[in-house]
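J.: This is the structure I want to talk about, given as structure tokens.
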Amino acid sequence: MSAYETAAGGHGVGLLDRQRIIAGPGFNRWLVPPAALAIHLCIGMAYGFSVFWVPLGRAVGAASGTGKPIACPGDATTFFGKVGITAHALFATDCDWTQFDLGWMYTLFFVFLGGSAAIWGGWLEREGPRKAGVVAALCWCGGLLISAFGVSVHQLWMMWLGSGVIGGIGLGLGYISPVSTLIKWFPDRRGMATGMAIMGFGGGAMIGSPLANILMNLFKTPTSVGVWQTFVAMAAIYFVFMMGGAFGYRLPQPGWRPQGWTPPDRNNVMIARGNVHLKDAHKTPQFWLIWIVLCLNVSAGIGIIGAASPMLQETFGGQLFGEPGVQFTQFTDAQRALAAAVGAGFVGLFSLFNIGGRFFWASLSDAIGRKNTYYCFFVIGVVCYALAPTLAHLHFLALFAVSFCIIASMYGGGFATVPAYLADMFGTQFVGAIHGRLLTAWSTAGILGPVIVNYLHDSRIAAGIPRNHVYRQIFYVLTALLVLGFIANLLIVPVARKWFMKEEDPATPVSGQAAARPAA
Amino acid sequence: MSIAAMILGLIGSIFGLGMGLFGYVLGGATAGLLSLAAVILPLVGIIGASMERANRPVAGILMVVSALGMAYAFGFGFWSSVPIVLTGVGGILALVGFGSDDSGEAIDPKVAYAWTAVGVPIVWGVWVTVQNAAKIFQ
């Protein structure tokens with residue numbers, strides 16, 4: 166039975182199948198971005214999980230009535246000592262979890278995000294975005310429920326397994342689920358369309374963190390910090406939103422194009438006319454050059470974003486609260502609180518620019534091209550990082566903040582522009598799966614960037630460098646990363662013709678079945 | 075798309091005007107310039123929504139400015155979120171839809187509902203983040 170017969174007959178076509186979601190005539194393509202946003206806004210809460218660290222760090226203490234954290238036994242002064250404490254905390258019920266124990270969640274998130282996107286990207290292209298969205302919802306929300314149970318019985322391993330591993334798989338599937346669908350619906354604005362969805366991933370924590378705070382305050386009692394109840398509530402809310410998003414996905418009819426739109430000038434060699442098969446994409450130098458471009462752009466941003474608040478406090482000291490003569494190491498408790506409040510504001514500003522940059526730069530790339538957009542990231546990034554030590558030396562706090570806000574916008578813009586870059590280079594047919602494989606660059610950068618920043622930071626402090634000069638060398642190292650990224654971008658040329666699939670290649674995913682039953 | 079943007083902008087701005095007039099001016103919730111802003115800003119949104127068919131980018135900018143201004147004048151609460159979000163989403167749709175000639179983009183309430191469903195949490199999240207970020211300037 167052909168796909169057409171199956172679909173037209175209505176037998177054997179499941180609710181989640183690809184054939185089921187082929188859009189009918191007159192379908193408004195602007196319904197697809199909100200569906201993608203619904204999923205990305207939910208999974209984006211992964212960025213905001215640190216909101217649970219403080220209450221989880223005193224959960225046992227609160228339950229015992231002391232209200233203070235109860236430390237697990239072990240040597241917390243060395244790295245391996247801390248690992249030993251974490252190993253104990255994985256199964257212990259009588260001591261509290263530290264930030265070090267819980268911080269592994271982020272590693273799990275981003276390793277499993279990249280891994281699952283790379284492994285199941287091909288499956289997503291075959292089965293369609295709706296099925297992938299539903300599986301993502303089940304993994305992310307199911308993972309939250311497992312974590313809730315883990316928190317209620319105080320088992321750290323369940324938290325890691327639930328949200329970190331299973332939830333991380335949901336992150337990967339959810340992240341790539343709308344990419345190729347949006348690119349097919351918006352051939353005229355590939356960058357803007359994917360930028361909108363990926364903006365949601367950046368914005369998820371912006372909504373999820375304050376929501377989690379409200380819920381924890383609602384559920385907490387004198388003997389409970391209210392975290393497991395919050396996980397349950399958020400799993401329920403996210404499940405509704407994510408299922409709404411998954412069921413909102415529609416695929417265009419094969420050959421569909423916006424009314425009045427004509428494909429761009431055929432002389433533009435940076436936009437492929439054909440499609441490169443998933444199994445061949447990673448054999449091309451272009452894939453690895455884009456991998457390097459993304460990895461270096463993210464590495465240069467992620468380390469500083471993670472250290473934004475302490476960087477500002479250490480660099481500007483008392484200037485943050487109107488006492489320029491006070492150094493970071495001389496802060497009193499009250500001054501530390503004031504500086505932390507300003508640092509938190511800086512982090513908020515960073516996140517706004519990170520999110521806004523996803524939409525702005527991706528949309529701009531539709532006008533100026535992807536390669537030129539990445540040139541902008543690298544050139545402007547180099548200028549911002551190279552100027553940062555001078556701005557800090559001159560105590561130009563506002564300009565310093567502005568330059569890092571621009572960097573944050575380009576960090577987000579790098580994520581949002583890359584799907585369209587891939588579609589331009591490799592065609593739209595397997596772009597979701599190729600994008601999934603490319604996300605391993607993100608996982609790599611997630612380790613590389615913070616390691617560079619944290620290692621240099623700690624080693625310079627150990628060498629006795631004054632706190633307000635600690636970041637100077639770090640900025641120059643990050644500048645060098647961006648220069649390397651610029652060179653990698655420069656080397657990207659159109660994919661050789663031999664890699665493109667022939668017209669009669671049977672590898673076309675099922676969406677190509679022209680007569681599949683249109684959905685409303 | 076364009077009709078959806080216009081309808082959202084008009085509903086949001088008219089709601090905002092009602093709030094501004096009865097809650098903030100006659101009700102005395104604010105004083106001085108803020109009272110004036112509470113009326114003028116919804117009017118800016120109404121003007122923006124009205125000219126949506128004539129000049130989308132300007133209409134979009136006016137609606138977004140109106141939404142941001144109302145957020146500043148009213149604060150972001152349960153009731154004030156209605157005009158702010160509706161006008162803001164209308165403005166964004168007008169901006170995003172600029173130059174668009176898509177098929178199937180006639181009157182489509184489903185698009186407006188879908189964008190409002192994701193727009194409300196986004197605007198709330200942005201508002202909370204802006205409040206936190208404002209500490210850097212204090």
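These protein sequences, in sequence, are chains A and B.
The first sequence begins at 166 in our numbering and counts up by one.
The second sequence begins at 75 in our numbering and counts up by one.
Note that beta-carbon positions come from the ideal geometry of N, C-alpha and C, so glycine has one too.
Does DSSP put A:Ser389 in a helix, a strand or coil?
T.: Here A:Ser389 sits in strand by DSSP.
J.: Classify A:Glu488 as buried or exposed, calling it buried when 16 or more other Cβ atoms lie within 10 Å of its own Cβ.
T.: So A:Glu488 counts as exposed.
J.: Determine the closest residue to A:Thr605 out of A:Gly521, A:Leu459, A:Ala509, with distance taken between C-alpha atoms.
T.: Checked all of A:Gly521, A:Leu459, A:Ala509; the closest Cα to A:Thr605 is A:Leu459.
J.: For A:His442 and A:Ala551, what's the separation of their Cα atoms in angstroms?
T.: Roughly 41 Å between the two C-alpha positions.
J.: Apart from the five residues on each side of it in sequence, which residues of its chain come closer than 7 Å, Cβ to Cβ, to A:Ala362?
T.: Pro198, Ala201, Leu202, His205, Pro343, Leu347.
J.: How about B:Gly94 and B:Val118: do their beta carbons lie closer than 8 Å?
T.: Not in contact: B:Gly94 and B:Val118 (Cβ atoms no closer than 8 Å).
J.: At a Cβ threshold of 8 Å, is A:Asn433 touching chain B?
T.: Not closer than 8 Å to any Cβ of chain B, the Cβ of A:Asn433 fails to qualify, so no.
J.: CA-CA distance, A:Thr449 and A:Ile657?
T.: In a straight line, the C-alpha of A:Thr449 is about 11 Å away from that of A:Ile657.
J.: For B:Val202, does the three-state DSSP call read helix, strand or coil?
T.: In the structure shown, B:Val202 sits in a helix (DSSP, three-state: H, G or I).
J.: Could you confirm whether any beta carbon from chain B is found closer than 8 Å to the beta carbon of A:Ala684?
T.: Unreliable placement is indicated for A:Ala684, whose pLDDT of 45 sits below 50; no coordinate value is reported for it.
J.: Use the C-beta contact count for A:Pro238: other C-beta atoms within 10 angstroms, 16 or more gives buried, fewer gives exposed.
T.: Counting Cβ neighbours within 10 Å, A:Pro238 comes out exposed, since fewer than 16 surround it.
J.: My output table needs one value for A:Ile187: the three-state DSSP class, helix, strand or coil.
T.: A:Ile187: strand per DSSP, three-state reduction.
J.: Applying the criterion that 16 or more other CB atoms from any shown protein chain within 10 Å of the CB defines a buried residue, is A:His622 buried or exposed?
T.: So A:His622 counts as buried.
J.: Using only the alpha-carbon positions, how far apart do B:Val202 and A:Gln484 sit?
T.: Taking the straight line joining both Cα atoms gives about 25 Å.
J.: Enumerate in chain order the residues of its own chain whose CB-to-CB distance from A:Phe543 is below 6 Å, with the five nearest sequence positions on each side excluded.
T.: Leu647, Gly650, Phe651, listed in sequence order.
J.: Around the C-beta of A:Trp285, are 16 or more other C-beta atoms found within 10 angstroms, so that it is buried, or is it exposed?
T.: So A:Trp285 counts as buried.
J.: Along the stretch 359–377 of chain A, what residues have a CB closer than 7 Å to any CB found in chain B?
T.: Within the stretch 359–377 of chain A, the residues whose Cβ lies closer than 7 Å to some Cβ of chain B are Gly368, Met371, Ile372, Pro375, listed in chain order.
J.: Does A:Ala180 come out as helix, strand or coil in the three-state DSSP assignment?
T.: According to the sequence provided, residue 180 of chain A is Leu. The question's Ala does not apply to it. DSSP places A:Leu180 in coil when its eight states are reduced to three.
J.: Going by DSSP in three states, A:Phe595 sits in which element: helix, strand or coil?
T.: Note: A:Phe595 maps to coil in three-state DSSP.
J.: Three or more beta-carbon pairs under 8 Å between the stretch 562–579 of chain A and the stretch 321–328 of chain A, yes or no?
T.: No, the stretch 562–579 of chain A does not touch the stretch 321–328 of chain A.
J.: Name the chain A residues that come within less than 8 Å of B:Ala208, Cβ to Cβ?
T.: What B:Ala208 touches in chain A: Gly510.
J.: Buried or exposed for A:Lys349, please, with buried defined as at least 16 other CB atoms from any protein chain shown within 10 angstroms of its CB.
T.: A:Lys349 is buried by the Cβ-count criterion.
J.: For the structure I just gave you, are there three or more beta carbon pairs, one from the stretch 359–375 of chain A and one from the stretch 520–528 of chain A, closer than 8 Å?
T.: Yes, the stretch 359–375 of chain A touches the stretch 520–528 of chain A.
J.: Based on the DSSP output, what are the partners of A:Val248 in its beta bridges?
T.: For A:Val248, which the question treats as bridged, DSSP gives no partner whatsoever.
J.: For a contact meaning CB atoms closer than 9 Å, what does A:Trp218 contact in chain B?
T.: The contacting residues do not exist; A:Trp218 stays about 18 Å from chain B at best.
J.: What's the C-alpha gap between A:Gly213 and A:Gly280?
T.: Computed Cα separation, rounded: 21 Å.
J.: Quick check on A:Leu559: does DSSP put it in helix, strand or coil?
T.: Correct three-state label for A:Leu559: coil.
J.: Going by DSSP in three states, A:Leu587 sits in which element: helix, strand or coil?
T.: If DSSP states are grouped into helix, strand and coil, A:Leu587 belongs with the helices.
J.: Compare the beta carbon distance of A:Val507 and A:Phe486 with 8 Å and say whether it is the shorter of the two.
T.: Yes, Cβ-Cβ distance for A:Val507 and A:Phe486 is below 8 Å.
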